[in-house]
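S.K.: Next up is a structure, given as structure tokens.
Protein chains: 2
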Amino acid sequence: MAKKPDLLPGTLDMLILKTLTRAPLHGYGIAQHIKRISDDVLTVEEGSLYPALQRLLLQGWVKAEWKMTETNRRARYYTLTIEGRKQLGLEVSEFERMIAAIGRVLQDQEA
Amino acid sequence: MAKKPDLLPGTLDMLILKTLTRAPLHGYGIAQHIKRISDDVLTVEEGSLYPALQRLLLQGWVKAEWKMTETNRRARYYTLTIEGRKQLGLEVSEFERMIAAIGRVLQDQEA
DNA sequence: TTCTATCCATAGTTTATCTATATATTCAAA
DNA sequence: TTTGAATATATAGATAAACTATGGATAGAA
Chain H
26 MAKKPDLLPG TLDMLILKTL TRAPLHGYGI AQHIKRISDD VLTVEEGSLY
76 PALQRLLLQG WVKAEWKMTE TNRRARYYTL TIEGRKQLGL EVSEFERMIA
126 AIGRVLQDQE A
Chain E
26 MAKKPDLLPG TLDMLILKTL TRAPLHGYGI AQHIKRISDD VLTVEEGSLY
76 PALQRLLLQG WVKAEWKMTE TNRRARYYTL TIEGRKQLGL EVSEFERMIA
126 AIGRVLQDQE A
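So the sequences go chain by chain: H and E. According to this note's numbering, the residues represented by the first sequence are 26 to 136, in order. According to this note's numbering, the residues represented by the second sequence are 26 to 136, in order.
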């Protein structure tokens, strides 16, 4: 039996960037937000999350800053950059183009 | 600049299985069909296609048979099995569940 | 004080896709 | 007639993303 994936591969960076359009947020909060808004369908494992955040930093799509949370915990807050916002737009367009194309294949009638 | 992917990772098996609901077909024809029906958005590279077909055979979701094409060429025709049809249903449900969840994240309003 | 939730991070594995390459045949064009 | 494009299969090796499994640390509640 094939196990259900936690994510659609290739969509994690987009989901993180989108989450950061609301406000700067730390990694743990990003993962929580994605899980909650998706009604528990999408789960971001730590082993996927932190490498993804490193990628985004390296690309200059987010910047990071250590701060204290409301509950007095040390956390690294990520903020979307201008380039990151642009990148999000590109990724969303491409994603929509892809799922529309997949939709055409899936809806193609047999017989 | 990130290169546009040819496919959304994780969706190829589903696309192949769906293509085979129409009629048995050889690998080359499957790739052509997906490309055509998707309006050239989805391109299945040979290095993705043939390993995918091996996976599907191994899982018992398709069976294969060598035949001659209409143009008198030797080709391996793949046929969807009962299990393959069932699997397709599962994969389509899961895919739709995922994209609906991603849609909720993407549509979440900032501000 | 012990457990749960919050928070970060990396090492190593797995898996899918892609690039590149190899082989072979048919048919049309030059 | 030979050359190239399209048809057809397949694998090896590289790349990249995600996952499993760890490890560490602190706050606050029970």
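We put the CB at the ideal spot given by N, CA and C, even for glycine. These figures come from a predicted structure and were not determined experimentally.
When the distance is taken between beta carbons, is A100/E closer than 8 Å to H58/E?
M.R.: Contact: no.
S.K.: Consider the Cβ of A77/E: report whether some Cβ of chain H lies at a distance smaller than 8 Å.
M.R.: A77/E does not count as touching chain H.
S.K.: Taking C-beta to C-beta, are I127/E and L33/H nearer than 8 Å?
M.R.: Yes, they are a contact pair.
S.K.: Is the segment 81-91 of chain E in contact with the segment 102-121 of chain E, if contact means three or more CB pairs nearer than 8 Å?
M.R.: Segments in contact, yes.
S.K.: Tell me, please, whether the CB atom of S63/E is closer than 8 Å to any CB atom in chain H?
M.R.: Judged by the 8 Å Cβ criterion, S63/E is in contact with chain H.
S.K.: Am I right that W116/E and D38/E are in contact with their C-beta atoms under 8 Å? What's the rounded C-beta distance?
M.R.: It should be noted that the sequence gives Glu, not Trp, for residue 116/E. Yes, they are in contact, since the Cβ atoms of E116/E and D38/E sit about 7 Å apart, within 8 Å.
S.K.: Please name the residue or residues paired with H51/E in a DSSP beta bridge.
M.R.: Y102/E, per the DSSP bridge assignment.
S.K.: Put V117/H into one of helix, strand or coil per three-state DSSP.
M.R.: Reduced to three states, the DSSP call for V117/H is helix.
S.K.: Within 8 Å (strictly less), CB to CB, does I124/H reach chain E?
M.R.: Chain E contact via Cβ: present.
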